[in-house]
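Before any comments, here is the structure.
Chains as they are written, first to last, in my numbering: chain A, 1 to 252; chain B, 253 to 616.
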């Protein structure tokens, strides 16, 4: 094979230098890896690699700190927005973001999320909504769709037994401290590009002191859903997006 | 504000003044009786306009301790204060702080329990403060003030010890110490550490934004590999052993010739200092051993007193008998050890303690 020398002007894509080479523990087909990559790109493109602190959650993404080459603090389950609040208040010139799943941010951490948003903390919450608890083995999340089978709803989520799913992005929209809420996905190349733009906007809001921003990413958990990666993407489009429609929920 | 000042103040108010003067970077709290004056005083003093200290009222004690976690993770000197039920809510956070080896200061102005209990003073949280109080093997450094002056002094001491060992420190006060007014000498104002100083001091572990000259820092208590997690535990235990060897503090009053010794801390020790006067006036040689650090506990001096021939120990506590277990372990069967206590927000009088000493030890 002959080596081809790439000219700088012909390079259309390169891996962010903030993405570490550690082998990812995420399942093939999971959305986490793509969202990590987008965050790394946004931090690098904004020149914030020496000014950013990430707060990782409890759940599959607890190990986010193994993949993006910035300083991290790992929070107790659900507490990331409280942890990030103090980091940002004590370092107002830094970029502070949380990376949380739906169980972390919208079940056990609902209180911390709502109050950080209501106070208008200048942080970004990246909210991975895959409608299931991945790391603990596929149990029902607050976002689990009606009828959806999980380890704790083996016959499908029944509202009489398990209550209804809810959309925390919509709930946060009326809070005065919130400047930007958007729901994105990364299941097609076009959606990946839109998601990156949304992340960039959220990060810019935080650095400009505009208040609380959250980027919800409607994501796949093909292991938890017991589907192949391709089928999981199809299932997301057919089942998740009608209930969690994509687009901006609030932008001021 | 630059010089030493003598003032008349409540114990809770003095915590706020001492924190500012020490150069504390941030306070995160939630109101609860009988300690609410700490945050009220801070809000009135507006230190963000003078020293730059951040003061934030959180939505719960769960959040305030996790804000402390976040602030401590960046190498800043941060603190919270609460009272018993609020400290229970902080237990999870304290375990994470100890596991991630983060320094911070927590003030518990104890009230009577269990449950919602009462807002009156108690020492019912001794076990919670000294025996971990949450999941996993860990210890807090626990300082027990018996005066408003010590409330003041232990803010600086608590922070210094917390940073020396990278471990949470607690001031275990109670409603009596928090609410009473006394003369106090306030320390001169110290400047807060600059970001450059903090980065130099905490270069190896804190997350403040990764500079080009080091690897990323990750503040976490997670390690899934058993062999690595055991090593972390062994390191923590070695740290606690070093605290036990180097940081024990106590006050021994008239213990040298004592036939009997009362062991008491905090507000109980103040009451018992009058008991030994009553006893001595009756010709009984009674001393008072006041642990100042509850963890590490002054077991060596108690063992020495037992070895020397003290005939009995009375652990006087505002609880059902908690510290008495540590006194028994230290005395190790060489002399009788009994407990006397009041609960539910009631205090004992010096005479009541003296009667208990006679009934339970001397005339037994």
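Glycine included, every Cβ here is placed at the ideal spot set by N, Cα and C.
Owing to the predicted nature of the structure, the values given are computational and were not obtained by experimental measurement.
On the three-state DSSP scale, how would you describe residue i?
| i | result |
| --- | --- |
| residue 486 of chain B | helix |
| residue 305 of chain B | coil |
| residue 368 of chain B | coil |
| residue 478 of chain B | helix |
| residue 293 of chain B | helix |
| residue 416 of chain B | helix |
| residue 542 of chain B | strand |
| residue 189 of chain A | helix |
| residue 159 of chain A | helix |
| residue 24 of chain A | coil |
| residue 54 of chain A | strand |
| residue 399 of chain B | coil |
| residue 242 of chain A | helix |
| residue 73 of chain A | strand |
| residue 272 of chain B | helix |
| residue 352 of chain B | coil |
| residue 582 of chain B | helix |
| residue 564 of chain B | strand |
Taking the continuous alpha helix (DSSP H) assigned at residue i, which residues delimit it?
| i | result |
| --- | --- |
| residue 356 of chain B | Not the alpha helix (DSSP H): residue 356 of chain B falls in the beta strand (DSSP E), residues 356–362. |
| residue 571 of chain B | Run containing residue 571 of chain B: none; DSSP gives neither H nor E here. |
| residue 16 of chain A | Looking at the DSSP string, residue 16 of chain A is not in any alpha helix (DSSP H), and its letter there is neither H nor E. |
| residue 601 of chain B | Segment: none, residue 601 of chain B is in no alpha helix (DSSP H) and carries neither H nor E. |
| residue 235 of chain A | 229–235 |
| residue 439 of chain B | Premise fails: residue 439 of chain B is in no alpha helix (DSSP H) and is neither H nor E. |
| residue 174 of chain A | Counting along the chain, residue 174 of chain A falls outside any alpha helix (DSSP H), and DSSP gives it neither H nor E. |
Taking the alpha-carbon of residue i as reference, which of the options has the nearest alpha-carbon?
| i | options | result |
| --- | --- | --- |
| residue 591 of chain B | B:564, B:598, B:279 and B:597 | B:564 |
| residue 183 of chain A | A:120, A:125, A:137 and A:88 | A:125 |
| residue 162 of chain A | A:206, A:39 and A:141 | A:141 |
| residue 404 of chain B | B:269, B:473, B:575 and B:424 | B:269 |
| residue 319 of chain B | B:393, B:417 and B:342 | B:342 |
| residue 588 of chain B | B:345, B:296 and B:566 | B:566 |
| residue 378 of chain B | B:368, B:370 and B:394 | B:394 |
| residue 15 of chain A | A:29, A:28 and A:33 | A:33 |
| residue 367 of chain B | B:390, B:351, B:389 and B:335 | B:335 |
| residue 340 of chain B | B:363, B:276 and B:324 | B:363 |
| residue 169 of chain A | A:191, A:102 and A:6 | A:102 |
| residue 187 of chain A | A:129, A:83 and A:113 | A:129 |
| residue 407 of chain B | B:360, B:493, B:531 and B:481 | B:360 |
| residue 547 of chain B | B:382, B:571 and B:457 | B:382 |
| residue 389 of chain B | B:380, B:441 and B:396 | B:380 |
| residue 354 of chain B | B:572, B:372 and B:413 | B:413 |
| residue 432 of chain B | B:265, B:610, B:606 and B:612 | B:265 |
Going by DSSP, what residue range makes up the beta strand (DSSP E) through residue i?
| i | result |
| --- | --- |
| residue 426 of chain B | 420–426 |
| residue 524 of chain B | First-last for residue 524 of chain B: 518–533, but that is the alpha helix (DSSP H), not the beta strand (DSSP E). |
| residue 235 of chain B | Nothing in the structure corresponds to residue 235 of chain B, since chain B is present only between 253 and 616. |
| residue 214 of chain A | 212–218 |
| residue 37 of chain A | Here residue 37 of chain A belongs to no beta strand (DSSP E); instead the alpha helix (DSSP H) covers 32–45. |
| residue 129 of chain A | 124–129 |
| residue 97 of chain A | 95–101 |
| residue 515 of chain B | 512–515 |
| residue 251 of chain A | 247–251 |
| residue 257 of chain B | 257–262 |
| residue 331 of chain B | 330–334 |
Under 8 Å Cβ-Cβ, which residues of chain B neighbour residue i?
| i | result |
| --- | --- |
| residue 83 of chain A | 318, 319, 321, 322 and 325 |
| residue 72 of chain A | 459, 468, 469, 470, 471 and 472 |
| residue 65 of chain A | 468, 470 and 472 |
What residues of chain A sit near residue i, judged by a beta carbon separation below 7 Å?
| i | result |
| --- | --- |
| residue 348 of chain B | 76 |
| residue 345 of chain B | 76 |
For residue i, verify whether its CB is less than 7 Å away from any heavy atom of the ligand ZN.
| i | result |
| --- | --- |
| residue 243 of chain A | Absence of the ligand ZN from the depicted structure is noted, as is the absence of any ligand whatsoever, leaving it without description. |
So which residues of chain B does residue i contact, with C-beta pairs closer than 7 Å?
| i | result |
| --- | --- |
| residue 91 of chain A | 326 and 460 |
| residue 126 of chain A | Residues of chain B passing the Cβ test: none, with the nearest at roughly 17 Å. |
| residue 62 of chain A | 474 |
Using a cut-off of 9 Å between C-beta atoms, extract the partners of residue i located in chain B.
| i | result |
| --- | --- |
| residue 52 of chain A | 461 and 462 |
| residue 111 of chain A | 311, 312, 314 and 315 |
| residue 21 of chain A | Neighbours of residue 21 of chain A on chain B: none; closest Cβ ~14 Å, over 9 Å. |
| residue 174 of chain A | None at all; the shortest Cβ gap to chain B is about 17 Å. |
At a CB-CB cut-off below 8 Å, which residues of chain A make contact with residue i?
| i | result |
| --- | --- |
| residue 308 of chain B | 85, 86 and 89 |
| residue 277 of chain B | 90 |
| residue 390 of chain B | Within 8 Å Cβ-Cβ: nothing; residue 390 of chain B doesn't reach chain A, min ~14 Å. |
List the residues of chain A whose Cβ lies closer than 9 Å to the Cβ of residue i, in chain order.
| i | result |
| --- | --- |
| residue 330 of chain B | 86 and 90 |
Pairing CB atoms from the region 479–490 of chain B with CB atoms from the region 500–510 of chain B, are three or more of them under 8 Å?
The region 479–490 of chain B is not in contact with the region 500–510 of chain B.
Do three or more CB pairs link the region 196–212 of chain A to the region 223–238 of chain A at distances below 8 Å? Short answer: they don't touch.
Under 8 Å: do the region 73–89 of chain A and the region 311–331 of chain B share three or more Cβ pairs, one atom per stretch? Touching, yes.
ask   = Is it true that the region 233–244 of chain A meets the region 253–262 of chain B, where meeting means three or more beta-carbon pairs spaced less than 8 Å apart?
value = Verdict: no, contact absent.
Any contact between the region 50–60 of chain A and the region 443–461 of chain B? By contact I mean 3 or more CB pairs, one from each, below 8 Å.
Per the Cβ contact rule, the region 50–60 of chain A is in contact with the region 443–461 of chain B (3 or more Cβ pairs under 8 Å).
How about the region 93–109 of chain A and the region 145–155 of chain A: do they share at least three Cβ pairs that are nearer than 8 Å?
The region 93–109 of chain A is not in contact with the region 145–155 of chain A.
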